[in-house]
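Below is one structure, written out as structure tokens; the observations come after it.
Numbering (the working numbering), first residue to last: 2 to 220.
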């Protein structure tokens with residue numbers, strides 16, 4: 002029997018947190034191993050219980066969800082963060098993704114959306130709620146004149162960008178691909194120049210439009 006997905010809930014509204022716990026634990030392959038009512042507690046609990054995923058409310062007291070996400074990822078880059086929020090504006094989505102979150106779910110979405118997001122993030126994918134995905138990504142655009150499209154990248158450049166979009170640090174990518182950190186940085190810089198990308202959010206947007214972030218099917 003495979004190990005259950007271990008989830009930490011960080012939500013300051015007790016009633017909502019209890020509802021989320023019931024929803025998640027209704028799934029046979031998931032369990033809630035801890036709860037936090039503010040950002041500082043979320044950071045402490047994440048370090049103590051080492052969850053697979055933290056479901057993080059973006060607007061919390063003492064330390065907001067963005068700062069808490071940054072702190073959790075600094076302490077343990079293997080922990081995934083799934084943002085849960087009422088905010089649907091592009092600037093907030095960008096802040097959360099830049100902080101290192103692997104998913105973004107809006108609170109007014111159906112319960113099934115959260116479960117799907119948890120499964121996607123657990124499978125090392127990136128999940129954007131359909132409510133906000135098009136707002137952030139926009140319709141797919143043709144490459145600008147003189148700018149090569151994604152197919153112009155080498156396989157190695159594509160893989161480096163994909164791993165960056167998934168939240169891996171350069172050192173982790175180097176270890177995973179058997180490259181030096183300097184080589185990874187070179188691939189990253191060259192790829193971003195080819196595609197006209199300026200930030201991690203741009204990389205995530207491009208990767209999602211290309212379908213790079215969907216969980217890879219099991220062989």
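Note that CB positions come from ideal geometry on N, CA and C, so glycine has one too.
- CA-to-CA, the gap between residue 197 and residue 91 works out to about 20 Å.
- In this structure, residue 94 and residue 82 do not form a Cβ contact; the two beta carbons are roughly 14 Å apart against a cut-off of 8 Å.
- For residue 27, the number of other beta carbons within 10 angstroms of its own is below 16, and it is reported as exposed.
- Pairing residue 129 with residue 118, the inter-Cα distance amounts to about 8 Å.
- With contacts defined as CB atoms closer than 8 Å, residue 58 and residue 66 qualify as a contacting pair.
- It is roughly 23 Å from the alpha-carbon of residue 124 to the alpha-carbon of residue 189.
- Rounded to the nearest whole angstrom, the C-alpha separation of residue 183 and residue 133 is 35 Å.
- Shown here for residue 5: same chain residues with a beta carbon closer than 7 Å to its own, the five before and five after excluded, namely 30, 31 and 32 in chain order.
- Here residue 166 is not near residue 195, since their CB atoms are 8 Å or more apart.
- Shortest Cα-Cα distance from residue 48 to any of 70, 122, 16 and 96 involves 70.
- Annotation: the continuous beta strand (DSSP E) that includes residue 58 extends over 54 to 58.
- Between residue 103 and residue 173, the C-beta gap is not smaller than 8 Å, which leaves the two residues out of contact.
- For residue 31, the pairing in a beta bridge is given by DSSP as 6.
- Residue 34 has its alpha-carbon roughly 14 Å from the corresponding atom of residue 42.
- In this structure, residue 107 places its C-beta atom within 8 Å of the C-beta atom of residue 86.
- For residue 83, the beta-bridge partners assigned by DSSP are 56 and 104.
- For residue 186, the enclosing alpha helix (DSSP H) starts and ends at 182 to 196.
- If you check the CB distance, residue 97 and residue 209 do not come in under 8 Å.
- Boundaries of the alpha helix (DSSP H) around residue 66: 66 to 76.
- In the displayed model, residue 154 falls within coil according to three-state DSSP, outside both helix and strand.
- Closest option to residue 213, judged by alpha-carbon separation, among 156, 181 and 110: 156.
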